[in-house]
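Colleague: According to our numbering, the sequence shown is numbered sequentially starting from 237. For each residue, glycine too, the CB sits at the ideal point set by N, CA and C. No experiment lies behind these values; they were computed from the predicted model shown.
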Amino acid sequence: MNKQLMAYIATLVLIISAGSMARAQEVNAGVKGGMNFSTLIQNEIDDQDMRLGWQAGFYSKIRTGERFFVMPEVLFSTKGVKYNYDFLGSSGDIKLNLYYIDVPVMLGFHLTEQLAIEVGPYASYLVDAGYKDSGDNEEDELDRDNFKSFDYGLAGGLSYSLESFMIGARYNYGLAEIAESDVADFALENSRNSVAQLYVAFRLTD
């Protein structure tokens with residue numbers, strides 16, 4: 237992601253948040269955490285094993301009407317994948333671990349007082365990364381510098397709210413390729429993040 241696009245997303249988030257606060261009928265905030273089930277969007281990798289990870293952070297739910305709300309979040313999130321390969325007589329196992337700060341801004345609509353549907357964009361900053369290729373003859377490792385610092389995409393899901401907590405399911409569809417260096421691009425080609433999430437959130441304010 238280039239700097240202009242990052243600036244555009246940041247500006248959009250600020251405009252949405254500021255506009256929502258100005259129209260807010262109810263604002264509450266809390267903490268949330270849960271499980272990540274991540275793979276890669278990549279046509280050439282067939283034998284993928286889902287990576288089990290986690291997410292944790294803070295959210296604010298801003299009611300802007302009887303049924304509508306905006307929910308910005310800041311989360312630490314682990315992603316990646318495991319897969320096997322067998323190519324031109326060479327075989328091995330690859331483990332990819334990616335650690336992001338995710339900032340989704342969800343636009344929500346309450347189907348009922350408890351059940352809501354949510355959609356919105358997310359932007360992510362890569363904090364750390366680990367890549368290990370255990371091949372037939374040697375082991376190759378790549379660090380954070382081989383992967384793009386920023387990711388972005390679209391998210392959507394459902395949430396169910398009770399008095400003091402909320403449960404939900406969400407899917408994040410990455411739009412940016414994650415490889416930065418030629419070595420990472422050769423191994424992962426045009427891979428993008430794909431993450432399904434289950435979470436529980438606890439409200440801390442009224």
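Buried or exposed: A391, going by 16 or more other Cβ atoms within 10 Å of its Cβ?
Modeller: Residue numbering aside, residue 391 sits at position 155 when the sequence shown is read from its first letter. Flag for A391 reads buried.
Colleague: Let me know the beta strand (DSSP E) ranges lying completely inside the region 259–320, each 3 residues or longer, listed in chain order.
Modeller: The region 259–320 contains these whole beta strand (DSSP E) runs: 262–277, 284–299.
Colleague: Looking at the strands, I want to know which residues DSSP matches up with N429.
Modeller: Position 193 of the sequence shown holds residue 429. N429 is bridged to L276.
Colleague: Can Y435 and G404 be called in contact, C-beta distance under 8 Å?
Modeller: As a working mapping, residue 435 is identified with position 199 in the sequence shown. As a working mapping, residue 404 is identified with position 168 in the sequence shown. The answer is yes: Cβ separation under 8 Å.
Colleague: Leaving aside the five residues before and after Q278 along the sequence, list all residues of the same chain whose C-beta is less than 6 Å from its C-beta, in chain order.
Modeller: On the sequence shown, residue 278 is found 42 positions in, with the first residue counted as 1. Excluding residues within five positions, the ones whose Cβ falls inside 6 Å are S427.
Colleague: With three or more C-beta pairs closer than 8 Å as the rule, is the region 344–354 touching the region 310–322?
Modeller: Touching, no, given that fewer than three Cβ pairs across the two stretches are closer than 8 Å.
Colleague: DSSP state of D338, grouped into three classes?
Modeller: Here the question's residue 338 lines up with position 102 in the sequence shown. Note: D338 maps to strand in three-state DSSP.
Colleague: Roughly how many angstroms lie between the CA atoms of D379 and A365, to the nearest whole one?
Modeller: What you label residue 379 is simply residue 143 of the sequence shown in a count that begins at 1. What you label residue 365 is simply residue 129 of the sequence shown in a count that begins at 1. Answer to the nearest angstrom: the Cα atoms are 6 Å apart.
Colleague: Note down, in chain order, each residue of its chain lying with its Cβ closer than 6 Å to the Cβ of I330, except the 5 sequence neighbours on either side.
Modeller: Working through the sequence shown from its first residue, we reach residue 330 at position 94. So the qualifying residues of the chain are Y319, D369.
Colleague: Excluding five sequence neighbours on each side, which residues of the same chain lie with their C-beta closer than 8 Å to the C-beta of S400?
Modeller: Along the sequence shown, one-based indexing puts residue 400 at 164. Around S400: F438, R439.
Colleague: Measure the C-alpha to C-alpha separation of F273 and S430 and round it to an integer number of angstroms.
Modeller: In the sequence shown, counting from the first residue as 1, residue 273 sits at position 37. In the sequence shown, counting from the first residue as 1, residue 430 sits at position 194. So the alpha carbons of these two residues sit roughly 8 Å apart.
Colleague: Between which residues of its own chain and A303 is the CB-CB distance below 7 Å, once the five residues before and five after are set aside?
Modeller: Here the question's residue 303 lines up with position 67 in the sequence shown. According to the sequence shown, residue 303 is Arg rather than Ala. For R303, where only same-chain residues beyond five positions count, the Cβ hits under 7 Å are F345, H346.
Colleague: If Y367 and Y336 are in contact, beta carbons under 8 Å, what's the gap, nearest whole angstrom?
Modeller: As a first step, residue 367 must be located in the sequence shown, where it is residue number 131. As a first step, residue 336 must be located in the sequence shown, where it is residue number 100. Contact flag wrong, Cβ pair sits at about 15 Å.
Colleague: Could you round the C-beta distance between G293 and L311 to whole angstroms and report it? I think they count as a contact, below 8 Å.
Modeller: Taking the sequence shown and counting its residues from 1, the one referred to as residue 293 is at position 57. Taking the sequence shown and counting its residues from 1, the one referred to as residue 311 is at position 75. Confirmed, about 3 Å.
Colleague: Pop quiz: R299 and E262 are said to be a contact at Cβ under 8 Å. What is the actual Cβ separation, rounded to whole angstroms?
Modeller: The residue you call residue 299 lines up with position 63 of the sequence shown. The residue you call residue 262 lines up with position 26 of the sequence shown. Sure, about 4 Å apart at Cβ, within 8 Å.
Colleague: Take E377 as the anchor and find which of A412, N333, Q291, M342 has the nearest alpha-carbon.
Modeller: Here residue 377 refers to the residue found at position 141 of the sequence shown. Closest option to E377, Cα to Cα, is N333.
Colleague: Based on DSSP bridge pairs, tell me the residues matched to I414.
Modeller: In the sequence shown, counting from the first residue as 1, residue 414 sits at position 178. None; I414 has no bridge partner.
Colleague: So, for K297: in the same chain, excluding its five sequence neighbours on each side, which residues have a beta-carbon less than 6 Å away from its beta-carbon?
Modeller: Here residue 297 is taken as the residue at index 61 of the sequence shown, counted from 1. Closer than 6 Å at Cβ, skipping near neighbours: N264, F305, M307.
Colleague: Pop quiz: A415 and D387 are said to be a contact at Cβ under 8 Å. What is the actual Cβ separation, rounded to whole angstroms?
Modeller: Within the sequence shown, residue 415 is the residue found at index 179, counting from 1. Within the sequence shown, residue 387 is the residue found at index 151, counting from 1. Their Cβ separation, rounded to whole angstroms, is 11 Å, which puts A415 and D387 out of contact at 8 Å.
Colleague: Please report the distance separating the alpha-carbon of N382 from that of L343.
Modeller: Within the sequence shown, residue 382 is the residue found at index 146, counting from 1. Within the sequence shown, residue 343 is the residue found at index 107, counting from 1. Those two C-alpha atoms are separated by around 33 Å.
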